[in-house]
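Reviewing the structure listed below.
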Amino acid sequence: MESGVEVLQAVIIGISIAIFLLNIKSYVKSAELFRECLVLLSSSDMTTMQEILDVRKKLILIVYSRLGTAYYFNDEFESAIDCYYKALALAQELGDKKGECTNYGNLGSAHLKTEKYMKAVDYSTKALEISKAIGSKREEGTNNGNLGTIFQCLGDFSKSLDYHKKSLEINEKLAELPGQAQDCKIIGDVCKRLGDPEQAIKYYENAVLLKHRIRDRRGECDDADKLAELCLSVGKFKKAEFYQLRALEISQEIGGKEEQHRLVTNLGVLYDSIGEYSRSKECQENALTLARQAGDVKQEALSLSGLGTAHGRLGNYEQAMECLVQALAMRQRIGDKSGEATTLGNLSLTYHSFGQYSEAEEHLQRSLEINLELNNRGGEGANYGNLGVVFHARGEFLKAINYHEKALQIRRELGDKRNESIDYHKIALAYESLANYSKALEYQQKSLQLSRETAHPAAVAKGYCNLASIYHSLGERAESFKYIEESLKSIRTVEDKLSKVALYDSLGTVFNELGDYDQALTFIERALELSIEMKTKWEEGEINLSLADLYRHQGDFSKSLEYGQRSLDIFEELGNKRGKMNCHLILGSTLLSTGEYTLAIKNHEKAFQISNEIGDRKGQGTACAEIGLCLGWVGDISRGLQYLLKSVNIYEGIRGFLGDEDQFKVSFVDANIFPYQLLVCFLCQSEENVNKAIYTAELGRARGLADLMSKRYFIQGVNQGEELKVNDIETLLLKEDCTILYIAYHVNELFLWVIKPNQSIKFRKVPREVMEAIPQRLKDVTIDQLFESLVNTTYAHYNFGRSSSCEDRSFFTFEAGQKCSQPQPRENPARLCEVEEDDDDDEEFLLDSSCKTALRLWYDIIIAPVKNLLEGSKIIVVPEGELHKVPFQALEDESGKYLSETYEIRVVPSLTTLKLIHDSPEDYHSERGVLIVGDPEVGEVLLNGEEKHISGLPCARMEAEMISKLLELEPSRILLGKHATKHAVLQELSEVSLIHFAAHGDAFRDEICLAPIRCANKIPEKDDFILTMSDVSKVQLRAKLVVLSCCHSGRGEIKAEGVVGIARAFLGSGARSVLASLWAVDDKATLQFMKQFYDHLVRGKSASESLHETMNWMRRSTERRSSKESGSEMS
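In terms of full-length UniProt numbering, the sequence shown opens at residue 1 and continues consecutively.
Set out below in structure tokens:
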């Protein structure tokens, strides 16, 4: 060059060309030219000419800034940062605020790429401040957008949203459409991450519209595709279809075959989601054609996998299997491990549809191994979830819960709320199948909450429907109907037909359970109509089966058989084994009702065979029980016994998987007690088997309690029923010097066993005519209904409620805000027992309380048939079901004499629990130490979200102080008022031999109210002052006696297990005996009772003897004898 001016001219031309190359994305060539310009600008000609020094610096500033951008877009971020620093220094030297702003912004962007987020925030913030200072709105908008992107990467989505909205506002004022489009797209991304799909959809739609206006077809296609995906995830299927078709249309104009293949595949997935399986299949076929035309084996395998899924949905299982096997082979051949895992998962679903659960599990495990190897957490979560579905179908519900919990943990990590909601729902279904309704309720409510958050109408409607079913199972009809109404409201917003089919069928099932057959029929028929329209054969088979079950409940057996056969034909065609099994079970039950026993047996035998093939343990147990019942009706008791024994053994095997979860065990036995009771009934039909019946009955009684006790007493290998032999019972009798009265009943038969020391067991079946002789017996009323009604009549007739001179120790009244009732006073009805009673005087009675006294009726039914067999002075009663509520001491004979006047009576939940107490180590129960808890000072607390005041109990305090004086206790052994805290009580429970509570109690929730430890500015909540069954179960008790002087402390929920309440919790934690009250107790009588009872204890008498002597004293001390004073029992 001849002069500096010529060099300058050349540099300006070079910079212009480099900028052009930068704009056309030729980043390497652009960088090369910028570097050449720098060389020229550094030449001697340029550095020596004083008059062009300022121009030179400005040009160098431009070059470094643009060279940095070329490096940036070529992913050379460190080089870009170096250039931006040099450009920034020059801008500061020149006082170029705009250049300074630009390079601070560029440094922020470059540091973001290198994940140096705090530096990125710092530089972008400085850029924003300068842009505001110089009034450059365009730069201000850009810097707000950059900060929003940085905070998005940091996971601070709220800040990100704020900055992007500011950027959008500025771009709207500037009418900068490209900037607005970009802001809307990013705001949509952020709203999606914040769990606000409605706002995300709104901004995505704006982004698509803006990119259409600026003719950015590439951006419009991408955003429409993203919008379709989001709409699909939240159940907005019509909108999803619109935008997916729009993306596909644009791609066909501008895109390549690979993108079109992806979009057609996505459209197929969309149609699959809304139940349009034929259209889904068509899309997958088109995608397959595109892949083959492109010669893309990976895409071909993807299309084959999708096509296989579509065939499976349409019930074309052979074609489904063929496509999926081809896809798997291709993916294995090309080494597509991720695709291989996906196809294995799809194959497992096909095997599941066939009812081939072992094959389904095997393929899922193979898929899981690959996903673990690839660290694919999403795929891993899907595998665990599907394994849960497989084990649920097998009836292995605890395993199902375990896998769903694993899936749930992964979804939480990934922030996948949609699938998290599904996992909660699946866990709820498993708990419901285990009859653990409290857990089912807990998980279904969590699922519903997430479904609401993700705005998925079908999931919301399904959640409400399942809550209705759970509340029905809990006996809460009002709550059940409330959630049905909510489900009906939600279903109106559901767009996809497939979800509507499932919802209508589910609603029909719930109405069927509730006995509203007209509504059930309406919804199930709607479901059937839709399934036929959609040509979904599996759903059609399920709905026909629902109709068969509905007509069976209505007693229309011909229609039940018709629809059951239709369902069976469909499942035969599909090869769905589980469906066939369920059809045979329904058909068998219907045929039994019509008296066609041979055909009923054949159907149940087929169900049993299929359940064996698919490994469905629950199905095996049900089928065997039903065959046994059918054989009983045809008089083949011998074969019936074989099947019932098989059924019981199967259920025992399932029970073995329940582990140490007591609640599961209680619920499981309650849900599956039928074969146990029927087996007892069958065994009692032949004289040589009546003794075996006792051991079978033991399998259904207090199983969970026995497990808890054996664990506390360190007695291993307790096998209830099988291990309990005649000599075990005789040993107990010799120790007790008493007679055992063992009671069982089923349908319309009552069985009694009398077991005496050194004598053979005597058996009596109460003649049916005795049962039918009860004047108020209604037609077709089972013995269970009769006993429930008679219990209600007993409690109502003798007014076992609350005394006018009884302070309210019932904690539940404070929660409900109820007033105390004021019935007539009566003496103490305490009971020393190992399971307790419940009363309910709100039920409608079958028996009129003005009839022959209920207590006399009880005597005639239970005692009179074995009266001549009862010897000695002590009786141990082992009742069943509703008979746990019977006040045995108060039963009166024909002369009006109470049973407790002749015998010392105890009630135990089972012979096994009695044996465990006697086999407990001699040094297990403590010989010393007393804990007295009286009148805990509760005061203001939070209950169910509301502030409540729980008043003091002055009579309870008097009771506690009196007992402490009788026992000559040190003040430290009595916890009164504010000292009776939950913390203090739990610390002392495990150390003492005698525990006495005189406090508020809630029989319905099995809780005792204690004093909270108060903190400043905090109102105590439930966990701070309520002693629950769970709290008690965590303590290793060594007490010989626990006295619960709380109103209704002997109440609890009657289950097959026995009475489940707070008293059971103390026994299961190691207490030898528990004394509790069946109803509210007169204050004066309570003090008298406790004084006498503890007087006898102090004199060295046992708790049982002390109770018996005290009751006799109470009876003698009254002016007239009353059965209300005799309602105490001892165990």
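Glycine included, C-beta positions come from ideal geometry on N, C-alpha and C.
Item, Value
"Buried or exposed (CB count within 10 angstroms, at least 16 for buried), residue 1149", "In the structure as shown, the chain begins at 1 and stops at 1131. Residue 1149 is therefore absent and cannot be evaluated."
"Sequence-distant residues of its chain with Cβ nearer than 6 Å to Ile-186 (five each side left out)", "His-164"
"Under 8 Å between C-beta atoms of Leu-230 and Ile-201", "yes"
"Residue nearest to Gly-308 in terms of C-alpha spacing, selected from Leu-290, Lys-298, Lys-281 and Gln-365", "Lys-281"
"Alpha helix (DSSP H) segment containing Ala-625, residue limits", "617 to 633"
"Proximity winner among Met-1114, Asp-75, Arg-973 and His-979, relative to Glu-991 (alpha-carbon distances)", "Arg-973"
"Span of the beta strand (DSSP E) around Val-877", "874 to 878"
"Same chain, Cβ closer than 7 Å to Gly-378, five either side skipped, listed in chain order", "Leu-414"
"CA nearest to the CA of His-1000, picked from Gln-987, Leu-705, Ser-487 and Gly-977", "Gly-977"
"Alpha carbon of Phe-714 to alpha carbon of Glu-1057, nearest angstrom", "22 Å"
"Supposed contact pair His-404 and Gly-381 - C-beta distance, whole angstroms, cut 8 Å", "Not quite, the Cβ-Cβ distance comes to about 10 Å (not below 8 Å), so this is no contact."
"Phe-997 - partner residues in DSSP beta bridges", "Val-933 and Leu-1044"
"At least 3 beta-carbon pairs within less than 8 Å: the region 915 to 922 vs the region 933 to 953", "no"
"Beta-carbon proximity check, Leu-967 vs Val-930, cutoff 8 Å", "yes"
"Among Lys-239, Tyr-27 and Glu-362, the one whose alpha carbon lies nearest that of Val-494", "Lys-239"
"Candidates Asn-346, Leu-314 and Ala-301: closest to Ile-334 by CA position", "Ala-301"
"Chain-order list of residues whose beta-carbon lies under 7 Å from that of Lys-159 (same chain, five-residue window excluded)", "Phe-151"
"Assigned secondary structure, Ala-1011 (DSSP; H/G/I helix, E/B strand, else coil)", "strand"
"Cα-Cα separation, Phe-237 to Leu-528", "22 Å"
"Through-space distance from Glu-253 to Ala-10, alpha-carbon basis", "43 Å"
"Beta-carbon proximity check, Glu-904 vs Lys-874, cutoff 8 Å", "yes"
"Runs of alpha helix (DSSP H) wholly within the region 5 to 67 (minimum 4 residues, chain order)", "27 to 41 and 44 to 48"
"Coarse secondary structure for Arg-1116, derived from DSSP in three states", "helix"
"Contiguous alpha helix (DSSP H) assignments of at least 4 residues, all confined to the region 888 to 924", "899 to 902 and 911 to 919"
"Rounded distance between the beta-carbons of Lys-1055 and Asp-670, thought under 8 Å", "4 Å"
"Sequence-distant residues of its chain with Cβ nearer than 8 Å to Glu-1021 (five each side left out)", "Val-941 and Leu-942"
"Ser-1045 beta carbon less than 8 Å from that of Ala-998", "yes"
"Proximity of Phe-712 and Gln-987 at Cβ, strictly below 8 Å", "Here residue 712 turns out to be Arg, not Phe, going by the sequence shown. Cβ distance not < 8 Å, so Arg-712 and Gln-987 don't count as in contact."
"First and last residue of the uninterrupted beta strand (DSSP E) at Lys-1055", "1053 to 1055"
"Spatially closest choice to Phe-73 from Val-55, Lys-119, Lys-537 and Lys-25, by CA coordinates", "Lys-25"
"Beta-carbon proximity list for Glu-420, same chain, < 8 Å, skipping 5 on both sides", "Leu-408, Arg-411, Arg-412 and Leu-450"
"Arg-247, buried or exposed, once every other Cβ within 10 Å from all chains shown has been counted against 16", "It is worth fixing the name first, because residue 247 is Ala in this sequence and not Arg. Result: buried."
"Own chain, CB closer than 8 Å to Leu-1010, minus 5 neighbours either side, in chain order", "Val-933, Pro-936, Val-938, Ala-980, Thr-981, Lys-982, Val-985, Ala-999, Phe-1025, Ile-1026 and Leu-1027"
"Distance between Ala-127 and Ile-81 (C-alpha atoms, nearest Å)", "15 Å"
"Glu-754: first and last residue of the uninterrupted beta strand (DSSP E) it sits in", "First, the residue type needs correcting, since residue 754 is Val and not Glu in the sequence shown. Start and end: 749 to 755."
"Buried/exposed call for Ala-502, threshold 16 Cβ in 10 Å", "buried"
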